[in-house]
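**Student:** Numbering (the working numbering), first residue to last: 8 to 547.
Don't be surprised by glycine CBs; every beta carbon is placed ideally from N, CA and C.
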Amino acid sequence: MPRPTVVLSLLGLTKDRAFRADRWNLWRPTVSLAQQEHLIVDRLELLSEKKGKAIADVVAEDITTTSPETEVRHHRVTFRDPWDFADVYEALSTWAESYEFDEENEDYLIHITTGTHVAQICWFLLAESRRVPARLIQTSPPRPNAKNAIGTARIIDLDLSRYDRLASRFEREQQDAVAFLKAGIPTRNERFNALIERIETVALRSEAPILLEGRTGVGKTQLAGRIYELKHQKHQVQGPFVQVNCATLRGDSAMSTLFGHEKGAFTGAQTKRKGLLQSADQGLLFLDEIGELGLDEQAMLLRAIEEGVFLPLGSDKPVRSEFQLIAGTNRDLRAQVRSGSFREDLLSRIDLWAFELPSLRDRIEDLEPNLDYELSRFEHDHGRRVTFNKEARERFLGFATGPEGHWSGNFRDLNASITRLATLSNSGRIDRELVDEEVQRLRRAWGGASNRADQSAYCERVLSSDQVDGLDRFDRIQLEDVLSVCARTPNLSAAGRELFAESRQQKASKNDYSRLAKYLERFGIGRDDLTGLRDRSNRP
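#1: Could you have a look at Ser286 and say whether DSSP puts it in helix, strand or coil?
#2: For Phe349, tell me which candidate among Ser74, Arg27, Asp535 has the shortest Cα-Cα distance.
#3: Is it true that the CB of Arg370 sits closer than 7 Å to the CB of Trp414?
#4: Evaluate Ser55 with the Cβ neighbour count: other Cβ atoms within 10 Å of its Cβ, from every protein chain shown; 16 or more gives buried, anything less gives exposed.
#5: CA-CA distance, Arg341 and Ala361?
#6: What is the rounded straight-line gap between the Cα of Ile206 and the Cα of Arg310?
#7: May I ask you to list the residues that DSSP assigns as paired with Asp114?
#8: So, for Arg24: in the same chain, excluding its five sequence neighbours on each side, which residues have a beta-carbon less than 8 Å away from its beta-carbon?
#9: Measuring CB to CB, does Pro319 end up less than 7 Å from Phe266?
#10: With respect to the beta strand (DSSP E) encompassing Phe293, which residues constitute its N-terminal and C-terminal limits?
#11: Pro140 to Asn337, Cα distance in whole Å?
#12: Out of Thr121, Trp453, Phe418, which one is the CA nearest neighbour of Lys227?
#13: Just how far apart, CA to CA, sit Leu523 and Asp482?
#14: What first and last residue would you give for the alpha helix (DSSP H) that runs through Leu99?
#15: Grab me the residues of Tyr235's own chain with a C-beta within less than 6 Å of its C-beta, minus the 5 sequence neighbours each way, in chain order.
#16: Can you grab the Cα-Cα spacing for the pair Ser491 / Tyr465, in whole Å?
#17: Between the Cα of Phe199 and the Cα atoms of Thr223, Phe26, Ala215, Leu230, which residue gives the shortest distance?
#18: Provide the residue(s) that pair with Glu363 in DSSP beta bridges, ordered along the chain.
#19: Sort Pro149, Ser471, Leu133, Leu219 by Cα distance to Leu143 and report the nearest one.
#20: So for Ala261, helix, strand or coil by DSSP?
#21: Taking just the CA atoms, how far does His268 sit from Arg327?
#22: Could you tell me which residues DSSP pairs with Ser355 in its beta bridges?
#23: Can you tell me where the alpha helix (DSSP H) holding Glu467 begins and where it ends?
#24: What three-state label does DSSP hand His239 in the structure shown?
#25: Compute the beta-carbon to beta-carbon distance between Leu237 and Leu188, rounded to the nearest angstrom, for a pair I have assumed lies under 8 Å.
#26: What residue does the alpha helix (DSSP H) around Glu381 start on, and which one ends it?
#27: Thinking just about the alpha-carbon of each residue, which of Gln305, Glu214, Ser105, Glu204 is nearest to the one in Arg179?
#28: Under 6 Å Cβ to Cβ from Glu78, same chain only, skipping five residues before and after it: list those, please.
#29: Tell me which residues share the same chain as Ile333 and place their Cβ nearer than 6 Å to its Cβ, disregarding the 5 neighbours each side in the sequence.
#30: Can you check which of these residues, Ser434, Gln240, Ile163, Ser366, is closest to Asp183 by C-alpha distance?
#31: Would Ser16 and His118 be called neighbours here (beta carbons separated by less than 7 Å)?
#32: With distances taken Cα to Cα, identify the nearest neighbour of Gln42 among Ala93, Ala156, Leu283.
#33: Who are the near neighbours of Cys129 in its chain, counting only those whose CB is closer than 6 Å to its CB and skipping five residues on each side?
#34: So does the stretch 248 to 257 actually touch the stretch 383 to 397, counting three or more Cβ pairs closer than 8 Å?
#35: Between Leu116 and His82, how many whole angstroms is the CB-CB distance? I'm expecting something under 8 Å.
#36: Using a 10 Å radius around the Cβ and a threshold of 16 neighbouring Cβ atoms, would you call Glu107 buried or exposed?
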């Protein structure tokens, strides 16, 4: 015995034409439900506002006339504004929550022909989310010259798994978007691929700030640009892509560059200037090395993110700009919050979607496809095709993916290396001799220690890129070793005992803490910086 069919329907105040004398000659969507030859409606749950009570009574009587087996139940709903999405959704959702569905013994349909377009969308969302366990049914008027006014009814099944072509199309579109974010590079590292898939999902579904973390050269700028291009293709942003490296901004220049200034705002301000935030209106703003911003700039940026307004330097008139922010950093912003150099409220605002991009060394299996990408890019930029011969390629990959391949500059190092090889190649062929020469160059650049960890890995976590670049080679190697000990010991005293294990034996006062703290002060490194260093080193 078939299960009873129950239809949920909003009353059609206009379409159901209850008071027309010739109503039986007209198509009436709600009454039409009970007139379908191949559909037996056992119960109709008829929803209407208070003002529709008289119409509902006539419709119920007419349904009983044409389909005596159909029970009509009348329910009252109230829409403060039938064209307000939130109001209509709340009203229908509240009604559905109070209704006792019996899925084991009854089949449910939602009639989406009546009501405003807003109501129809809300019915769809309630069914698609299974808050209402029903399929959709659409009634349609009869064709011209039809013998009766009954029209037709069609059930719409929301199970997309039954529509393979549609489901496959969605999957292909997502795969294309992910490939686009990876510049078409067939990367092999599973964690990186999963990370890019998550970034693709967030980029297309959210307008909230995105924080890209990772060491210098891991590709933060390139990824930010591709996120913009992807959103632009999907018509999610209309304005430009605007980017700046915050490490290059200092003093009044920082305020002026970001927020603009009025004429005469400071010495040298000869004309009015529009800042980058205003230029990024309706677009995407990428602030690389956001941790280098001063506290004043951070405060103004926070207001611009939250309220969409800011004050140009020297002006008392707010400027409005709506943009999505992507921030990049190679610093530990949480450690900077603890040291007081970064605002906690700003970090909370930009940390909703934080993604740490791995270094090249951490996904070394992706080096080979990136090598081929760099060769293709060289061909595109220079109009000359270059390839490795077999022996040279094997030699380069063996070195690049082995223990000697430190890649401290990450993809910048790889790009520079391939550019040198391609430029020096004769007849477009990179041979073993060129590769051996390049290998020796990379060894010298990385310090010549074949089994030593990347010599700037710890330095770059507590110093800015400009500070690291300004270190003498001697200081960098020594500081890197000191920081590596600090990262794996619980405090400065323990690190000092290990570092001064020999010399402390000859000293009457063994204040290892003080000696180490004074050494680190030379580079502007404090205790809070080391706490952040340990936090990152202990991450799984």
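**Tutor:** Reading off the structure:
#1: As a working note, residue 286 is residue 279 in the sequence shown. In the structure shown, Ser286 sits in a helix (DSSP, three-state: H, G or I).
#2: In the sequence shown, residue 349 corresponds to position 342, counting from 1. The residue among Ser74, Arg27, Asp535 with its C-alpha nearest the C-alpha of Phe349 is Asp535.
#3: Against the sequence shown, residue 414 aligns to sequence position 407. Against the sequence shown, residue 370 aligns to sequence position 363. Cβ distance not < 7 Å, so Trp414 and Arg370 don't count as in contact.
#4: The residue you call residue 55 lines up with position 48 of the sequence shown. In the assembly as shown, Ser55 is a buried residue. Its beta-carbon has 16 or more other beta-carbons within 10 Å.
#5: Within the sequence shown, residue 341 is the residue found at index 334, counting from 1. Within the sequence shown, residue 361 is the residue found at index 354, counting from 1. Spanning the two alpha carbons is a distance of roughly 12 Å.
#6: Here residue 206 refers to the residue found at position 199 when the sequence shown is read from its first residue. Here residue 310 refers to the residue found at position 303 when the sequence shown is read from its first residue. Distance between the alpha carbons of Ile206 and Arg310 is about 25 Å.
#7: Position 107 of the sequence shown, counting from 1, holds the residue named residue 114. According to DSSP, Asp114 bridges with Thr12.
#8: Position 17 of the sequence shown, counted from the first residue, corresponds to residue 24. Cβ within range, chain order: Arg30, Leu33, Arg35.
#9: Looking up residue 319 in the sequence shown gives position 312. Looking up residue 266 in the sequence shown gives position 259. In this structure, Phe266 lies closer than 7 Å to Pro319 by Cβ.
#10: By one-based count along the sequence shown, residue 293 stands at place 286. First-last of the beta strand (DSSP E) with Phe293: 291 to 295.
#11: Here the question's residue 140 lines up with position 133 in the sequence shown. Here the question's residue 337 lines up with position 330 in the sequence shown. Pro140 and Asn337: Cα-Cα distance of roughly 49 Å.
#12: Locating residue 227 in the sequence shown gives position 220, where the first residue counts as 1. The closest CA to that of Lys227, considering only Thr121, Trp453, Phe418, is found on Phe418.
#13: Residue 523 sits at position 516 when you count from the first residue of the sequence shown. Residue 482 sits at position 475 when you count from the first residue of the sequence shown. The straight-line gap from Cα to Cα measures roughly 15 Å.
#14: If you number the sequence shown from 1, residue 99 lands on position 92. For Leu99, the enclosing alpha helix (DSSP H) starts and ends at 92 to 105.
#15: Translated into positions along the sequence shown, residue 235 becomes position 228. Hits under 6 Å: Phe248, Leu291.
#16: Here residue 491 refers to the residue found at position 484 when the sequence shown is read from its first residue. Here residue 465 refers to the residue found at position 458 when the sequence shown is read from its first residue. Near 7 Å, if we compare the C-alpha coordinates of Tyr465 and Ser491.
#17: Translated into the one-based positions of the sequence shown, residue 199 becomes position 192. That would be Leu230, whose Cα lies nearest to the Cα of Phe199.
#18: As a working note, residue 363 is residue 356 in the sequence shown. Listed as beta-bridge partners of Glu363 by DSSP are Glu220.
#19: Start at 1 with the first residue of the sequence shown, and residue 143 comes out as number 136. The residue with the shortest Cα to Cα distance from Leu143 is Leu133.
#20: Translated into positions along the sequence shown, residue 261 becomes position 254. Assignment of Ala261 by DSSP, reduced to helix, strand and coil, places it in the helix class.
#21: Residue numbering aside, residue 327 sits at position 320 when the sequence shown is read from its first letter. Residue numbering aside, residue 268 sits at position 261 when the sequence shown is read from its first letter. A straight-line Cα-Cα distance of about 14 Å links Arg327 and His268.
#22: Residue 355 sits at position 348 when you count from the first residue of the sequence shown. Residue pairing by DSSP places Ser355 in no beta bridge whatsoever.
#23: Position 460 of the sequence shown holds residue 467. Residues 466 to 469.
#24: Mapped onto the sequence shown, residue 239 falls at position 232. Judged by DSSP in its simplified three-state form, His239 adopts helix.
#25: Start at 1 with the first residue of the sequence shown, and residue 237 comes out as number 230. Start at 1 with the first residue of the sequence shown, and residue 188 comes out as number 181. With a Cβ gap of about 7 Å, Leu237 and Leu188 count as contacting.
#26: Walking along the sequence shown from the start, residue 381 turns up at place 374. Here the alpha helix (DSSP H) through Glu381 covers 374 to 389.
#27: Walking along the sequence shown from the start, residue 179 turns up at place 172. Looking at the Cα atoms, Glu204 is the closest of the given residues.
#28: If you number the sequence shown from 1, residue 78 lands on position 71. So the list reads Arg50, once near-sequence residues are dropped.
#29: Position 326 of the sequence shown, counted from the start, is the residue given in the question as residue 333. Excluding the 5 residues flanking it on each side, Ile333 has same chain C-beta neighbours closer than 6 Å at Ile217, Ala231, Phe293, in chain order.
#30: The residue given as residue 183 occupies position 176 in the sequence shown. Nearest to Asp183 by C-alpha distance, out of Ser434, Gln240, Ile163, Ser366, is Gln240.
#31: To locate residue 16, count along the sequence shown from 1; it is residue 9. To locate residue 118, count along the sequence shown from 1; it is residue 111. Inclusion of Ser16 and His118 in the CB contact set at 7 Å is warranted, their separation being smaller than that value.
#32: Taking the first residue of the sequence shown as position 1, residue 42 is located at position 35. Among Ala93, Ala156, Leu283, the Cα nearest to that of Gln42 belongs to Ala156.
#33: The sequence position of residue 129 within the sequence shown is 122, counting from 1. The residues are Val95, Tyr96, Leu99.
#34: No, the stretch 248 to 257 does not touch the stretch 383 to 397.
#35: Working through the sequence shown from its first residue, we reach residue 116 at position 109. Working through the sequence shown from its first residue, we reach residue 82 at position 75. In fact, because the Cβ distance is near 16 Å, the residues do not count as touching under 8 Å.
#36: Taking the first residue of the sequence shown as 1, we reach residue 107 at position 100. With a 10 Å radius around the Cβ and a threshold of 16 neighbouring Cβ atoms, Glu107 comes out exposed.
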